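Under my numbering, the first residue of the sequence shown is numbered 45, with each subsequent residue one higher. Every residue, glycine too, gets a C-beta built ideally from N, C-alpha and C. All of these numbers come straight from a predicted model, not from anything done at the bench.
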Amino acid sequence: VKCLRPTWLVHAMSRAAWVFRSSSSMSDSDGEIDERSKTAAWIFPDGLEIGRQVQYVSKESETSGYTSALNSSDSQTLAVGEVASIDGNKVTFAWAGSVRQKDEGAWFRISPPSGALLMDASDDRYWDQRPSRRARATAERCDDYHISAPSKAWELLPQQTFVVTLAACDMTADDHLCCQLHTIAGDQFDVKVAKDASVGELTKSIVVARELGPHAHINVLSEAGVRMDPNAVLCC
């Protein structure tokens with residue numbers, strides 16, 4: 045994963061993400077251990093701009109107790125919504141839904157995340173020898189970060205719409221169609237499909253290519269801005 049640390053730009057841009065990671069560990073001479081870690085990420089598939097969609101994911105892990113009897117727990121949270129406001133490096137959100145999983149249990153709906161995203165790059169570390177304690181927290185722009193969550197989690201969330209414009213279709217050397225697509229944020233990407241594929245089959249490939257989740261709704265527009273029929277066959 046390629047992560048960047050430049051000044052954050054708040055105007056319309058291509059896909060973007062901001063990631064926070066923290067970890068801490070403590071152990072003493074009696075054998076007591078306490079280890080915790082968390083990763084939280086805000087992903088903007090259409091770029092960071094007011095009214096555009098955001099996806100949030102956090103993963104937490106905790107291990108505590110004595111070396112002879114350790115207790116471990118894990119949890120994941122997934123949420124979708126829209127960017128509500130941007131004020132310098134502070135971003136707030138209007139969440140549409142959120143779900144959580146504890147350990148290997150079933151996913152269930154919960155209240156949306158609270159608080160704003162502060163886009164300040166950082167790398168803070170702490171160490172204390174007695175008792176042995178270590179901690180680290182980082183924050184960075186990381187545009188290649190992607191969410192890995194099962195379809196059961198996405199099914200519980202409101203459906204998000206991803207709009208693309210089909211700019212061109214070219215035949216490849218291996219007898220496929222290479223479709224050039226543009227997002228509303230100005231991002232350009234290519235998707236390869238079978239030469240006789242329909243617009244509906246193209247949308248399935250877009251979901252995979254952009255890792256939007258299995259229940260995202262894709263609107264493919266022509267260069268004239270007209271929504272294309274999912275049953276229409278693509279052609280050069």
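Q. Excluding the five sequence neighbours on either side, which residues of its own chain have a C-beta within less than 6 Å of the C-beta of L278, listed in chain order?
A. For L278, where only same-chain residues beyond five positions count, the Cβ hits under 6 Å are C213, L221 and A241.
Between R178 and R80, what straight-line distance do the alpha-carbon atoms span, to the nearest angstrom?
Going by the C-alpha atoms only, they are around 11 Å apart.
Using 10 angstroms around the beta-carbon of A183, count the other beta-carbons present and answer buried if the total reaches 16, otherwise exposed. That one is buried.
*asked:* So for A140, helix, strand or coil by DSSP?
replied: The DSSP-derived three-state label of A140 is strand.
Please report the residue range of the beta strand (DSSP E) in which L265 lies.
Taken as a continuous stretch (DSSP letters only), the beta strand (DSSP E) holding L265 covers H261 to L265.
For the beta strand (DSSP E) containing T216, name the first residue and the last one.
Unbroken run through T216: none, as it is neither H nor E.
Open item on the list: Taking 9 Å as the threshold (C-beta atoms), are R153 and L225 in contact?
Closed with: No; because the gap between Cβ atoms is not below 9 Å, this pair is not in contact.
Exercise. Does the Cβ of G159 have 16 or more other Cβ atoms within 10 Å, making it buried, or fewer, making it exposed?
Worked result: The residue is exposed, with fewer than 16 neighbouring Cβ atoms inside 10 Å.
Whole-angstrom Cβ separation of A197 and Q145, contact assumed at under 8 Å?
Distance from A197 to Q145 at the Cβ level is roughly 7 Å; contact confirmed, criterion being Cβ atoms closer than 8 Å.
| In whole angstroms, what separates the C-alpha of C47 from that of R185? | Its pLDDT being 47, under 50, C47 is placed unreliably by the model, and the measurement read from it follows with that caveat. Rounded to the nearest angstrom, the gap between the Cα atoms of C47 and R185 is 6 Å.
- request: Give every residue of the same chain whose Cβ lies closer than 7 Å to the Cβ of L162, excluding the five residues on either side of it in the sequence, and list them in chain order.
  value: Excluding positions up to five away in sequence, the list reads N133 and K134.
Next on the checklist: Contact defined as beta carbons within less than 8 Å: I believe V98 pairs with G125. What is the distance between those atoms, to the nearest angstrom?
Outcome noted: Indeed, because the Cβ distance is near 6 Å, the residues count as touching under 8 Å.
Q: Tell me where the alpha helix (DSSP H) around S284 begins and ends.
A: As shown, the chain starts at 45 and ends at 280. That puts residue 284 outside it, with no answer to give.
Note to self: Using CA atoms only, rank isn't needed, just tell me which of S116, L256, F206 and C280 is closest to P194.
What the structure shows: It is L256 whose Cα lies nearest to the Cα of P194.
Q. Which whole-angstrom value describes the C-beta separation of V237 and C223, a residue pair presumed to lie in contact below a C-beta threshold of 8 Å?
A. Yes, they are in contact, since the Cβ atoms of V237 and C223 sit about 6 Å apart, within 8 Å.
Span of the alpha helix (DSSP H) holding K236?
Per DSSP, K236 lies in no alpha helix (DSSP H) segment; the continuous beta strand (DSSP E) that holds it begins and ends at Q232 to A238.
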